[in-house]
Structure formats: C-alpha cells, structure tokens
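Below: the structure, in structure tokens.
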Amino acid sequence: MVGSLLIGLVVGFGMSIPPGPISVAVIKRGVQGNFRTGIRISLGASLIDCFYAFIAAFASSAIILKLQNFLALYGWVELLFQIVCIAILIFLGRKYFHVTPADLRQSTEKEEKRENRVRGFGFSSAFMVGILMAVMNLANPSFLPSLIAIAGFVQAKHWIIPGISGSALYAVGFGLGVFVWFYVLLRLILRMRTRLPATYFTYIFKFAGCAFYFFAVILAMRVFIATDWGGLM
5 MVGSLLIGLV
15 VGFGMSIPPG
25 PISVAVIKRG
35 VQGNFRTGIR
45 ISLGASLIDC
55 FYAFIAAFAS
65 SAIILKLQNF
75 LALYGWVELL
85 FQIVCIAILI
95 FLGRKYFHVT
105 PADLRQSTEK
115 EEKRENRVRG
125 FGFSSAFMVG
135 ILMAVMNLAN
145 PSFLPSLIAI
155 AGFVQAKHWI
165 IPGISGSALY
175 AVGFGLGVFV
185 WFYVLLRLIL
195 RMRTRLPATY
205 FTYIFKFAGC
215 AFYFFAVILA
225 MRVFIATDWG
235 GLM
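Going by my numbering, the final residue of the sequence shown carries number 237, and the count climbs one at a time with no gaps.
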C-alpha cells in the first residue's frame, strides 16, 4: 500500500516539473515574496490533480485488466509501448531543454490569460484560483489521456496494488507529489529572488528538460534489465 502512495508521489512530482500556467503563477508569487498565496494556489491545484489521478488510475485499471492476457501472449507489444514512452520522454526533454524566448512568452501569456479568466468568474482567493486553473487543464486534449497512459503503465508493471484502494492511494500520492514540487519551487524562488538572473525562467525549463532526460535513461535501463529478450525471439 505504501508502494502505491510512493509511486503516485514520484509520478505527481515528475509530471509537475514541466513549467505550465500553474507553475508560472507559483513562480510569480515567489518572485513577489508572497509565500502564502503561492502555497494556497499550490494546494488548490494539487487537490484537483489528486482527483484527476484517481480517475486516470481507475480508468486505466479496467483497460489493463482486459489487456493482461494479450500482453502475456505478445510481450513485444509491451516492449514497444515502453520504447514509445522513452521516445516521448526524450522528445519532451529536448523540447524543454532547448526552450526559446517565444516559448517563455507564450507560457507567461497563457498563465496571465488563465488567471484573469478565473478572476473574471468572481473568484479572488488564491485557493480557488489554484482549483480553477487546474480545472482548465481539461481544455488540453492530451492532458487526461497522458494521465491515463502513465497510470496504465505503472499498473501494468504492478507498481500499485489493484482495485479502488490502490487507485486512491496512487491518487493521494500524486496530489502530494504535485504539492511537494510546487512547495520546493516556491521555496527556491523565495530564497534566490534577490539574486535571480533575468534568464531565471529559462533555467527552470532547462531543469525540466534534464528531468525528462533522466527519467528516459532510468526507464531505458529498467526496460533493458527487466525484459525477457529470449522470450521475444
């Protein structure tokens, strides 16, 4: 049970690293020295992400249950899926590591538009801003499918226990992981805000790129070690 929680925490932490509108909102509060507002935005967003993770884990468990026999017969399908995951991680690593000024402007503009839209609904509390900004992630057509794909992957590897309890623990861990990343990010910005270079936002993107490269290497090593290469022949 603890394993399901820890896996969720790692996945939530890792998926929060790429800078998005919520990250930008948290960073802005850190630069302004407004720790409490940043934390409240983080809590609101983490709560909704916890709910998303539960839906993704519950949905993927049904899919994996139907695919288990197929994957047992055709091991190369699972290997192919893992290779695709590695390729996606490398692609994301390259995308974030080689960020352009246009990408930075687009991220900032997206955050401002989303936050203004939330406040336009009449919500001014930072907690509600975090909740509604996270809800707006549903507008991204790849958001939920990516959560389901990742949840399906960890379930196929039996890294989380099956059933509702496993999905719930994974979701709680996911939400905690999201919050931990925002908390760490906020603390770093607060500590360094007086000496942050003008290009500090670029370094956050590059860090995200390095994280994706790191995850790709770890996954590739695990696939290489765990795959029964003789059984695929």
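Where a beta carbon is used, it is the ideal one built from N, C-alpha and C, also for glycine.
- Straight-line gap, serine 64 to arginine 44 (C-alpha atoms, nearest Å): 30 Å
- Message: Beta-carbon within less than 7 Å of leucine 194's beta-carbon, same chain only, minus the 5 sequence neighbours each way: which residues are those?
- Response: Gly34, Gly37, Phe39
- Task: Check whether the Cβ atoms of serine 20 and aspartate 53 sit closer than 9 Å, and answer yes or no.
- Result: yes
- Query: Which residue from Met140, Phe131, Phe178 puts its Cα closest to that of valine 15?
  - Reply: Phe178
- Within this structure, are the beta carbons of valine 182 and serine 50 separated by less than 9 Å? yes
- Message: Less than 6 Å between C-beta atoms, sequence neighbours within five positions excluded: which residues of the same chain meet that for phenylalanine 186?
- Response: Val30, Ser46
- Message: With the cut-off set at 9 Å, would you say tyrosine 174 and isoleucine 11 are in Cβ contact?
- Response: yes
- Message: Between the alpha carbons of cysteine 214 and lysine 161, how many angstroms are there, rounded?
- Response: 25 Å
- Query: With 16 as the cutoff for other CB atoms within 10 Å, does glycine 124 come out buried or exposed?
  - Reply: exposed
- Query: Could you give the residue range of the alpha helix (DSSP H) that holds tryptophan 185?
  - Reply: 168-196
- Message: Out of Ala130, Gly134, Ile168, Asn141, which one is the CA nearest neighbour of phenylalanine 58?
- Response: Ile168
- For glycine 134, which of Glu119, Ser146, Ile208, Trp80 has the nearest alpha-carbon? Per the C-alpha coordinates, the member of Glu119, Ser146, Ile208, Trp80 positioned closest to glycine 134 is Glu119.
- Message: In this structure, how does DSSP classify lysine 114 when only helix, strand and coil are distinguished?
- Response: helix
- Query: Out of curiosity, what's the CA-to-CA distance linking valine 188 and asparagine 141?
  - Reply: Answer to the nearest angstrom: the Cα atoms are 22 Å apart.
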